[in-house]
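Throughout the sequence shown, residue numbering follows our numbering, covering 139 to 408 in sequence.
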Amino acid sequence: MDSLRDTIAVVTGASRGAGRGIAYELGRSGATVYVTGRSTQESSTDGRPETIEQTAAGVTARGGLGIPVRCDHTDPDEITCLFQQIQDQHGQIDLLVNSVFGGSEASLPVGQGKRFWERPPEHWDAMMVAGPKAYLLTTRAAVPLLQQSPTALIVNLTSFTPDQAAGNLYYDLAMQSINRMTFVMGQELRTSRVASIALCPGFMRTERVVDAGFSSDATETTAYVGQAVVALAQDPDILQRTGQALFVSDLARDYGFTDQDGTQPATFVL
Numbered sequence: 139m140d141s142l143r144d145t146i147a148v149v150t151g152a153s154r155g156a157g158r159g160i161a162y163e164l165g166r167s168g169a170t171v172y173v174t175g176r177s178t179q180e181s182s183t184d185g186r187p188e189t190i191e192q193t194a195a196g197v198t199a200r201g202g203l204g205i206p207v208r209c210d211h212t213d214p215d216e217i218t219c220l221f222q223q224i225q226d227q228h229g230q231i232d233l234l235v236n237s238v239f240g241g242s243e244a245s246l247p248v249g250q251g252k253r254f255w256e257r258p259p260e261h262w263d264a265m266m267v268a269g270p271k272a273y274l275l276t277t278r279a280a281v282p283l284l285q286q287s288p289t290a291l292i293v294n295l296t297s298f299t300p301d302q303a304a305g306n307l308y309y310d311l312a313m314q315s316i317n318r319m320t321f322v323m324g325q326e327l328r329t330s331r332v333a334s335i336a337l338c339p340g341f342m343r344t345e346r347v348v349d350a351g352f353s354s355d356a357t358e359t360t361a362y363v364g365q366a367v368v369a370l371a372q373d374p375d376i377l378q379r380t381g382q383a384l385f386v387s388d389l390a391r392d393y394g395f396t397d398q399d400g401t402q403p404a405t406f407v408l
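Set out below in structure tokens:
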């Protein structure tokens, strides 16, 4: 399927997890995907085996073109270098997917529990810096290239649980910051015909989830959120959704896609 053959995409945090699943589905649709993150063949992160080179190869194997670029999305200088490379090679970006998150790294101190007074401040720093701040720094630098596309799209991976706490206070605040950021970005970028969407997957069978022994509890694969991104990128009326926080499960019904097993997993509830 070559529905996104002419699309230039950037997927951050794509060495593993949702980012890898999204990059693979974009590759299956023929897109050129810049696969970014800190985990490389020379130096992986958090003791994990997955790398951006592996993901990029998977994108290419599925019919697209994967281009691995090492980038720490909390570092403005590295972000500048990334987008300068894309400027030199393609001159525009049609799709930016922000999927970096620092709240699950094994190097973080464990703390004494899930309640906010039991969690060490390092959790706040990790989630807010390698999260909303990274999203903002990356999107800010990408805007000039997004504005060169006829109808560009920003997708911010997030979590949204109306009338519920999303996990714990630190995580909830990080996700709500991303959701509000998406809303304001949508307003400010509308005249440039750049849409901004906050995308909420369910409990995914990521590599970390599988290794932790929770795969049977997970509701969906990372391909499901990838299908959602592909569907959004193909929507000619995407500006009608700009600024919204959308559930993958709702988009599956709206656009008619399924997970790998042919099902449409329902919205995940904590």
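A virtual CB, placed ideally from N, CA and C, is assigned to each residue, including glycine.
Original post:
Would the stretch 384-393 and the stretch 173-193 be scored as touching if the rule is three or more Cβ pairs under 8 Å?
Top reply: no
Subject >> Euclidean distance between Cα positions of F395 and R253 >> reply: 37 Å
Original post:
In three-state DSSP terms, what is C219?
Top reply: helix
**OP:** Specify, as a first and last residue, the run of the beta strand (DSSP E) that F92 falls within.
**Re:** For residue 92 there is no data in the structure shown, the boundaries of the chain being 139 and 408.
Original post:
So what does C338 bridge to, in DSSP terms?
Top reply: F385
Original post:
Within 7 Å: the Cβ of S297 and any heavy atom of the ligand MG?
Top reply: The ligand MG is not among the ligands present in this structure, which contains no ligands whatsoever.
**OP:** Report yes or no: do the stretch 344-351 and the stretch 299-315 share at least 3 C-beta pairs separated by less than 8 Å?
**Re:** no
Original post:
How far does the alpha helix (DSSP H) with R346 in it reach, from first residue to last?
Top reply: 345-349
**OP:** Take the Cβ of R143 as the centre, count every other Cβ of all protein chains shown within 10 Å, and call the residue buried at 16 or more, exposed below.
**Re:** exposed
**OP:** Determine the contact status of M342 and V363, defining contact as a CB-CB distance below 8 Å.
**Re:** yes
**OP:** With distances taken Cα to Cα, identify the nearest neighbour of L291 among Y309, I231, P258.
**Re:** I231
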